[in-house]
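Asker: Protein chains in written order, with the numbering used here: chain S, 5 to 329; chain Y, 168 to 322; chain G, 2 to 344; chain H, 785 to 1059.
All C-beta atoms in this analysis are idealised placements derived from N, C-alpha and C, irrespective of residue type, glycine included.
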Amino acid sequence: MQELMKARAAALLSEGKVNRVLGWAAGEFVYDVTPTVFESREELERDFVYSPFCGANLSKYLVKEARKEGKILVFLKPCDSFSFAQLVKEHRIPREKVYAVGVECYGKTDATALRSLGITGIVGAAEQYGALTLNTLNGERRVTVAEAMLEKCKSCKTKEHRLCDELLGEEGEPVSDCSRFEEVEKVEAMTPEERFAFFRGELSRCIRCNACRDVCPACTCETCVFDNPASGIAQKAAADPFEENLYHIIRAFHVAGRCTDCGECTRVCPQRIPLHLLNRKFIKDINEFYGPYQAGDDPETPSPLTDWKPDDVEPGSAVRKGGRA
Amino acid sequence: MPMNSPEKNGVGKEEAFRPKIVAFCCNWCSYAGADLAGTSRLSYPAEVKIIRVPCSCRVNPTFILRAFGRGADGVILCGCHPGDCHYTTGNYYTRRRMTLLFSMLDYLGIERERTRVEWVSAAEGAKFAETMRDFVATVTALGKNRRLEDLRCRN
Amino acid sequence: MSTYRIREERLPALFEETAKKRKLYLPTDTAEGVAAFLPYREGMTLTASLNTSRSAKDLFFPQTETLADFKVSGREIAVVDVREECEDFLLFGVRACDVKSFEILDRVFLAEPVDSFYKNRREHGTVVSLACASPVETCFCGTFGIDCADPEGDAAAYRWEGYYYFVPLTEKGEEYLASVESLLEETDDGPVWDAKGEIYRKKERLPLKSLTTEGFGGERTKELFDSEKWESLSEACLGCGTCTYVCPTCQCFDIRDFDTGRQIRRYRCWDSCMVSDFTKMAGGNPRPTQKERFRQRFMHKLVYFPAENEGIFGCVGCGRCLAQCPISMNIVKVMKALKEEKE
Amino acid sequence: MIKDSLIPGVAAVASVRADTPDVKTFRILTPEGKKPFEHLPGQCAMLSVPGVGEAMFSITSSPTEKGYMEFSIKKCGCLTSWLHTIEPGQQITVRGPYGNSFPVEGALKGKNLLFIAGGIGLAPLRSVINYCRAYRENYGKIDIVYGSRSKEDLVFYEEIVGEWQKEEGINVHLTIDRAQEGWEGHVGFVPDFVREISPDTDRTALVCGPPIMIKFTLAALKELGFTEEQVYTTMELRMKCGIGKCGRCNIGSKYVCKDGPVFRFDELGALPDEY
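Structure follows, in structure tokens:
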């Protein structure tokens, strides 16, 4: 796949169809790939990589990149293509400036996931059909990508792309047994006291690095409300539990109805806070209250929070329905 | 307009707990409803602090959270009845937003009875007073807001 | 110097005894894969992770702290000094890199005018370091002349064949070990050398062992500042604060006011040169894009800090930014790219 | 516990003088009516209004003024706008002094001095000018070139006309950007005016003003034969602590709050030309 992508990108570059290529570059070790813009065949040849460690969603970079001269090629995994479609829908990316190439994906992993399986000191790896042979400081370790999947990949909703100009590899299908709301349901089933204690435990680890916001393809405001002193809620550090709650509720709320559930927030959290539990709660509620909706799915349907029906559920009764006492 | 008594909430062990309630009221209906309640000499609890807003949809989720952070024990949002919005559709958006926000607060383990949305027209002075009495009673029964307070603001 | 030891299974008793006399902080697991220094509670155990996800700087330079309160009445202001003498505490199991970071923080906070908040904690804190039995691939403390087999601190601990060995290094360390004397037995330092030897063997296999600081330092300001690499290196940077907040030597802070309703609380909190409003003024921002902000962070550690501090670099090679950057851009990649450019 | 630089003291605003439509000069004293602390010409202090913000301002009064301290503040941000609303009697907080100073007792002693200021840039120089006036015998000829957008925007106009211009050995050259009614003086930008005046290169220049004005003035001085060692200026960047610890006001390895704000141009040359 990697070679196929490299060749296609190089061809489009030399044909002059695109001016730049947005992909992933290899790092020091095998797992530390970095989103990178490639401008030549040589750069692609030297650094381009597509591996089970390419979990990063590249679509947000397009907001910045598409403002530059010329056309940019971007490689999108199925989940990334939803983010791209949503950004196009919100007019954050001019569609004509981007050449989107869908690439197949069977789930990604990262060093954190491998570390939780007790695999440390990774310095290299080889992959074949989802099986990883890891070269570590303590010898060779074998593991499948499926065993060490990223949280976002464990609950993958579809292997089918949206809004791509071409596809490399085979188009996948929606995941029929996707159980992404299971965790949310588990939390809902707790008593309020348990829920409170659970989230306090998770959110208290927050260091307010803002990585969840900065990586989020739905967070594309020019100045975030949390960076704007005039908003009255601009905060740098998690000063106390209230700040943690406020930040995380508002962060999730501001992307409600636009969040495609790409799972980047949870992937990047240095403190491993399951942030998707907040985003998915909103998605689940939206589905239940206003009918099934998937952000980035199609360009027409209005976002649930910019839409209404005369007989929408009332706030009081909805809470009683959603949460359990 | 009934004025609120000086704040003496939750001070001292013997004193009965008196919650702080923030009521966001739409200028075109509930605020007028509160006025009507006042001029009709319908009493409603002095614990309720009214903040007038141009439309219920002016209320952004951070308003609600900040009210709690700053010491509110309950927050109620009053707007025009669905279909009667002065700006045609504002309260429909409010309804969706607050539905999701309240559900999220409940999900985080914050007592759901502390938040409420009520539709009160300018003619419903009695409903306004009754709603406030009921809400204050509910929040009083719950006690002080501890789960969504800002410790720095604790009295 | 004398050496003491305790059997591994007796550690809980040691912690218990230590905590009786002062506040004890242990590196312990707070969630899967996230270790942190937390106040000791009965039954708390040391993490199996090599290091904590946040650094040990938190204990001396917390993420937020109150500087002063202001009581405002009418046109008058009263300043309330809220400082209190810190209680004695002990940090157990600090790695060599983090111990070295305290020296770097000292150079900032203890320089005139002394930061009394930091000094207070520093004076009341005792640091017991722990040699790294199994350094990992992201470790490069050796680059900055730090020896993970021979950590500094008030006392150093080594784990070897079922025992923890302790060597006091300062008066504070002596005093601490004397306070838990009843649990320790005096021994010769042979096993300490065995433990070190084993670590040296492991260090030989570290992938970053050949990384050097050659080409960096105070005298390189212009040439490195003007490098063309900053543009591409900073391209993917999200501008989040992860690297700066987990970094043991990053110490930039912001000072802000919070209105509690009764008073104005002036507090300081960690800040990051990576965020957009760090240098923003009413009249504009001298670091308008991520390139300038990104460059600042690495220039500070590799050039500006050594320029003002006898060549000491502002990085200790703990590897946290390597492990935690959301887009895997870090100081090692920056150093390698800048070196490559020169060649 | 030892005194901490980050904890400010209280000061009361004794008087407020409107100098221009957007510059006011605040005279401050301790609540006991004394000068808050001693300083050197060019040094700064942190003023704050709790709950509004804290910022660094240059002290515009001369150290020789023993009774009070003055700050000339242009309305441009949140804190400064708030300060512009206050009346005498209002308390604020102050801490300092911070930074280095113009070497009035060192390199400047015995020299002919050329002060060049633009707009509010005269504020830090006023401290030096008045210091030199107080110890007149220690300095040679003094020339002051000062320009602003309009006549109304010239700060300390009364003092310039009423005191400086009248003093022997001091030459004041005023200019405004655009011609206006009632202005008979020079019209044009400061750098061009400096070229016209063409001062002798036996002077030491002290330049202060907006970055763009400093840049072109330096170019003009160089054309006239001044060397970088002869020109001093002040820098300004965002500051929070004022004592070289919070990490944001650096140019290269130098912190403006601690190693500045006064720099000689050749010192700046060794530092990166961006931030």
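Among the candidates G/Thr261, G/Val304 and G/Cys248, whose CA atom is the shortest distance from the CA of G/Cys326?
Answerer: Locating residue 326 of chain G in the third sequence gives position 325, counting from the first residue. Ranking G/Thr261, G/Val304 and G/Cys248 by Cα distance to G/Cys326 puts G/Cys248 first.
Asker: Could you tell me which chain H residues have their CB closer than 9 Å to the CB of G/Ser117, listed as they occur along the chain?
Answerer: Position 116 of the third sequence holds residue 117 of chain G. Residues of chain H with a Cβ closer than 9 Å to the Cβ of G/Ser117 are, in chain order, Met785, Ile786, Lys787, Asp788, Ser789, Leu790 and Ile791.
Asker: Per DSSP, S/Tyr103 forms a beta bridge with which residues?
Answerer: Walking along the first sequence from the start, residue 103 of chain S turns up at place 99. S/Tyr103 is bridged to S/Leu77.
Asker: In terms of residue numbering, what span does the alpha helix (DSSP H) encompassing Y/Thr307 cover?
Answerer: Here the question's residue 307 of chain Y lines up with position 140 in the second sequence. From DSSP, the alpha helix (DSSP H) with Y/Thr307 extends over Gly292 to Leu309.
Asker: How about the stretch 235 to 254 of chain Y and the stretch 184 to 203 of chain Y: do they share at least three Cβ pairs that are nearer than 8 Å?
Answerer: yes
Asker: Which residues, in chain order, does the stretch 244 to 261 of chain G contribute to contact with chain H at a C-beta distance below 8 Å?
Answerer: Gln252, Cys253, Phe254, Asp255, Ile256, Asp258 and Asp260
Asker: Can you list, in chain order, the residues of its chain with a C-beta nearer than 8 Å to that of S/Lys93? Leave out the 5 residues immediately preceding and following it.
Answerer: For the purposes of this step, residue 93 of chain S is identified with residue 89 of the first sequence, where counting begins at 1. If we look at S/Lys93 and ignore the five residues flanking it on each side, its Cβ neighbours are Gly300 and Pro303.
Asker: Starting from H/Leu1021, find everything on chain G with Cβ-Cβ shorter than 7 Å and list it in chain order.
Answerer: Here residue 1021 of chain H refers to the residue found at position 237 when the fourth sequence is read from its first residue. In chain order: Thr280 and Pro287.
Asker: If the cut is a Cβ gap below 7 Å, which residues of chain Y does S/Arg199 touch?
Answerer: By one-based count along the first sequence, residue 199 of chain S stands at place 195. Correct list: Tyr274, Leu275 and Gly276.
Asker: For G/Phe16, which three-state DSSP category applies?
Answerer: Stepping through the third sequence from its first residue, residue 16 of chain G is reached at position 15. In the structure shown, G/Phe16 sits in a helix (DSSP, three-state: H, G or I).
Asker: Would you tell me roughly how many angstroms separate the C-alpha atoms of S/Gly327 and G/Phe71, rounded to the nearest one?
Answerer: Looking up residue 327 of chain S in the first sequence gives position 323. Looking up residue 71 of chain G in the third sequence gives position 70. For S/Gly327, the predicted structure reports a pLDDT of 43, less than 50, and the residue's modelled location is therefore unreliable. The matter cannot be settled from this model.
Asker: In this structure, how does DSSP classify H/Ile857 when only helix, strand and coil are distinguished?
Answerer: As a first step, residue 857 of chain H must be located in the fourth sequence, where it is residue number 73. The DSSP-derived three-state label of H/Ile857 is strand.
Asker: Tell me which same chain residues have a C-beta within less than 8 Å of the C-beta of G/Val129, skipping the five on either side of it?
Answerer: Stepping through the third sequence from its first residue, residue 129 of chain G is reached at position 128. Excluding residues within five positions, the ones whose Cβ falls inside 8 Å are Leu91, Leu92, Phe93, Gly94, Val95, Gly154, Asp155, Ala156, Ala157, Ala158, Phe167, Gly174 and Tyr177.
Asker: Residues in the same chain with beta-carbon distance under 6 Å from H/Gly905, minus the five sequence neighbours each way, listed in chain order, please.
Answerer: Translated into positions along the fourth sequence, residue 905 of chain H becomes position 121. So the list reads Cys992 and Gly993, once near-sequence residues are dropped.
Asker: For the ligand FMN, is there any heavy atom lying closer than 8 Å to the beta carbon of Y/Ser223?
Answerer: Within the structure as shown, the ligand FMN is missing, as the structure has no ligands at all.
Asker: Excluding the 5 residues flanking G/Val333 on each side, which residues of the same chain have their C-beta closer than 7 Å to its C-beta?
Answerer: Here residue 333 of chain G refers to the residue found at position 332 of the third sequence. Excluding five sequence positions before and after G/Val333, the CB atoms of its chain that fall closer than 7 Å to its own CB belong to Phe141, Leu209, Leu212 and Leu323, given in chain order.
Asker: Less than 6 Å between C-beta atoms, sequence neighbours within five positions excluded: which residues of the same chain meet that for H/Asp961?
Answerer: Stepping through the fourth sequence from its first residue, residue 961 of chain H is reached at position 177. Result list for H/Asp961: Arg933, in chain order.
Asker: In angstroms with no decimal places, state the Cα-to-Cα distance between Y/Cys245 and S/Glu318.
Answerer: Stepping through the second sequence from its first residue, residue 245 of chain Y is reached at position 78. Stepping through the first sequence from its first residue, residue 318 of chain S is reached at position 314. Near 13 Å, if we compare the C-alpha coordinates of S/Glu318 and Y/Cys245.
Asker: In chain order, what residues of the same chain have a beta carbon less than 7 Å from the beta carbon of H/Lys950, not counting five sequence neighbours either side?
Answerer: Translated into the one-based positions of the fourth sequence, residue 950 of chain H becomes position 166. Hits under 7 Å: none found.
Asker: Using the Cβ count rule (16 or more neighbours within 10 Å means buried), how would you classify H/Ile876?
Answerer: On the fourth sequence, residue 876 of chain H is found 92 positions in, with the first residue counted as 1. Buried: at least 16 other Cβ atoms inside 10 Å.
Asker: Going by C-alpha distance, which of S/His258, S/Lys288, S/Glu144 and S/Leu121 is nearest S/Ala150?
Answerer: The count along the first sequence starts at 1 and reaches residue 150 of chain S at position 146. Of the listed residues, the one whose Cα sits closest to S/Ala150 is S/Leu121.
Asker: Please list the residues of the stretch 291 to 314 of chain Y that have a C-beta atom closer than 7 Å to any C-beta atom in chain G, keeping them in chain order.
Answerer: none
Asker: Hey, out of H/Ile870, H/Asp1043, H/Pro834 and H/Pro975, whose CA is closest to G/Leu68's CA?
Answerer: Residue 68 of chain G sits at position 67 when you count from the first residue of the third sequence. Nearest of H/Ile870, H/Asp1043, H/Pro834 and H/Pro975 to G/Leu68, Cα basis: H/Pro834.
Asker: Using three-state DSSP, classify G/Pro28 as helix, strand or coil.
Answerer: Here residue 28 of chain G corresponds to residue number 27 of the third sequence, with the count starting at 1. It is a strand residue.
Asker: So, with DSSP's three-state summary, where would you put S/Asp218?
Answerer: In the first sequence, residue 218 of chain S corresponds to position 214, counting from 1. Of the three classes helix, strand and coil, the one that applies to S/Asp218 here is helix, per DSSP.
Asker: With a 10 Å radius around its C-beta and 16 neighbouring C-beta atoms as the bar for buried, classify G/Glu77 as buried or exposed.
Answerer: The sequence position of residue 77 of chain G within the third sequence is 76, counting from 1. The residue in question, G/Glu77, is exposed, as its Cβ has fewer than 16 Cβ neighbours within 10 Å.
Asker: Any beta carbon from chain S within less than 9 Å of Y/Ser288's own beta carbon?
Answerer: On the second sequence, residue 288 of chain Y is found 121 positions in, with the first residue counted as 1. Cβ-Cβ to chain S under 9 Å: no for Y/Ser288.
Asker: Contact between the stretch 177 to 196 of chain G and the stretch 791 to 801 of chain H is defined here as three or more beta-carbon pairs at a separation below 8 Å; is this criterion met?
Answerer: No, the stretch 177 to 196 of chain G is not in contact with the stretch 791 to 801 of chain H.
Asker: So H/Arg1032 contacts chain G; which residues on that side make the cut at Cβ distance below 8 Å?
Answerer: Walking along the fourth sequence from the start, residue 1032 of chain H turns up at place 248. Under the 8 Å cutoff, chain G gives Cys253, Asp272, Cys274, Phe279 and Thr280.
Asker: I want to verify the contact list: residues of chain G whose CB lies under 9 Å from the CB of S/Thr40, in sequence order.
Answerer: Counting from one through the first sequence, the residue named residue 40 of chain S turns up at place 36. In chain order: Ser233, Glu236 and Ala237.
Asker: In the DSSP assignment, the beta strand (DSSP E) including S/Trp28 goes from what residue to what residue?
Answerer: Position 24 of the first sequence, counted from the first residue, corresponds to residue 28 of chain S. First-last of the beta strand (DSSP E) with S/Trp28: Arg24 to Ala29.
Asker: Taking only beta-carbon atoms, is G/Asp227 less than 9 Å away from chain H?
Answerer: To locate residue 227 of chain G, count along the third sequence from 1; it is residue 226. Chain H, which has a Cβ nearer than 9 Å to the Cβ of G/Asp227, makes this yes.
Asker: What separation, rounded to the nearest whole angstrom, lies between the Cα atoms of S/Ser307 and Y/Asn258?
Answerer: Along the first sequence, read from residue 1 onward, the residue named residue 307 of chain S stands at position 303. Along the second sequence, read from residue 1 onward, the residue named residue 258 of chain Y stands at position 91. If I take the Cα positions, the gap works out to 17 Å.
Asker: Can you list, in chain order, the residues of the stretch 256 to 268 of chain Y whose Cβ is nearer than 8 Å to any Cβ on chain S?
Answerer: Thr256, Tyr259, Tyr260, Arg262, Arg263, Arg264, Met265, Thr266, Leu267 and Leu268
Asker: Any beta-carbon of chain S closer than 9 Å to the one on Y/Ser210?
Answerer: Within the second sequence, numbered from 1, the residue matching residue 210 of chain Y stands at position 43. Taking Cβ atoms only, chain S never reaches closer than 9 Å to Y/Ser210, which makes this a no.
Asker: In angstroms with no decimal places, state the Cα-to-Cα distance between S/Cys157 and S/Gly111.
Answerer: Indexing the first sequence from 1 puts residue 157 of chain S at position 153. Indexing the first sequence from 1 puts residue 111 of chain S at position 107. Each residue's alpha carbon lies about 5 Å from the other.
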